[in-house]
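Visitor: Residue numbers (this note's numbering): 3 to 132.
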Amino acid sequence: MFNMNMSRFTYPIWGIFILTSVGLSNCRYDNYYDLYSNPNTCDTSAVTFSQDIKMIIGQNCEGCHNGAIANGGLNLVGHQNISTSALSGAIMDRTTRSLGDPLLMPPGQPLSDCDQSKLRTWINEGAPNN
Ligand code: HEC
């Protein structure tokens with residue numbers, strides 16, 4: 003009788019303990035990558051439109067902002083369109099909003115820190131067609 007009562011309490015406690023351990027170890031792994039890996043692999047020393055920006059916008063924005071489907075009236079295909087929107091401040095404004103902000107671009111799926119840094123670098127240089 004005593005043993006049965008004990009196991010009804012101890013098994014759930016072990017379950018919680020194991021799930022918590024797994025959860026915590028996942029967090030530590032993520033933090034390690036955020037803190038130590040990204041800065042080393044993000045090179046913003048020579049950002050160009052043709053090598054970096056075109057691909058970032060192409061992969062993350064063009065599906066919803068092109069000649070045929072221009073959400074918000076915005077076409078982001080080609081240097082002319084992208085640089086106009088970039089220099090107006092609209093691209094940095096919308097891509098650096100916090101998660102959960104309905105105006106964040108791309109909606110609900112922020113760009114990586116590295117892509118944001120590359121965009122910022124290129125725009126600070128005047129958004130050239132290089
Ligand atoms: C899944 C579709 C989708 C993707 C992907 C997307 N957008 Fe948008 N975007 C929208 C919609 C819908 C609107 C209009 C509603 C609004 O203003 O939030 C919009 C509006 C905007 C506006 C405001 C336009 C204006 O003048 O009012 C900007 C700037 C913008 N997006 C930039 C971007 C950038 C930069 C990316 C990529 C990093 C991107 N969007 C990716 C759907 C998308």
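Cβ atoms here follow ideal geometry from the backbone N, Cα and C, with glycine treated the same way.
What residue from Ser52, Thr43, Thr46 has the CA that sits closest to Asn132's CA?
Guide: Here the question's residue 132 lines up with position 130 in the sequence shown. Ranking Ser52, Thr43, Thr46 by Cα distance to Asn132 puts Ser52 first.
Visitor: Run through the DSSP bridge pairs and tell me what His67 is partnered with.
Guide: Counted from its first residue, the sequence shown places residue 67 at position 65. Beta-bridge pairing links His67 to Ala72.
Visitor: Nearer than 7 Å: is that true of the beta carbon of Ile85 relative to any heavy atom of the ligand HEC?
Guide: On the sequence shown, residue 85 is found 83 positions in, with the first residue counted as 1. The sequence shown places Ser at residue 85, not Ile. No, since every heavy atom of the ligand HEC falls outside the 7 Å radius drawn around the Cβ of Ser85.
Visitor: DSSP on Ser52, reduced to helix/strand/coil?
Guide: On the sequence shown, position 50 is the one that residue 52 refers to. In this structure, Ser52 counts as helix in the three-state DSSP scheme.
Visitor: Does Met107 pass the burial test, meaning 16 or more other C-beta atoms within 10 Å, or should it be called exposed?
Guide: Translated into the one-based positions of the sequence shown, residue 107 becomes position 105. Its Cβ being crowded by 16 or more others within 10 Å, Met107 is buried.
Visitor: Looking at the ligand HEC, does it come within less than 7 Å of Asn73, judged from the CB to the closest heavy atom?
Guide: Taking the first residue of the sequence shown as 1, we reach residue 73 at position 71. Because some heavy atom of the ligand HEC lies under 7 Å away, the Cβ of Asn73 counts as near it: yes.
Visitor: Any heavy atom of the ligand HEC closer than 7 Å to the Cβ of Met107?
Guide: Numbered from 1 along the sequence shown, position 105 holds the residue referred to as residue 107. At least one heavy atom of the ligand HEC is nearer than 7 Å to the Cβ of Met107, so yes.
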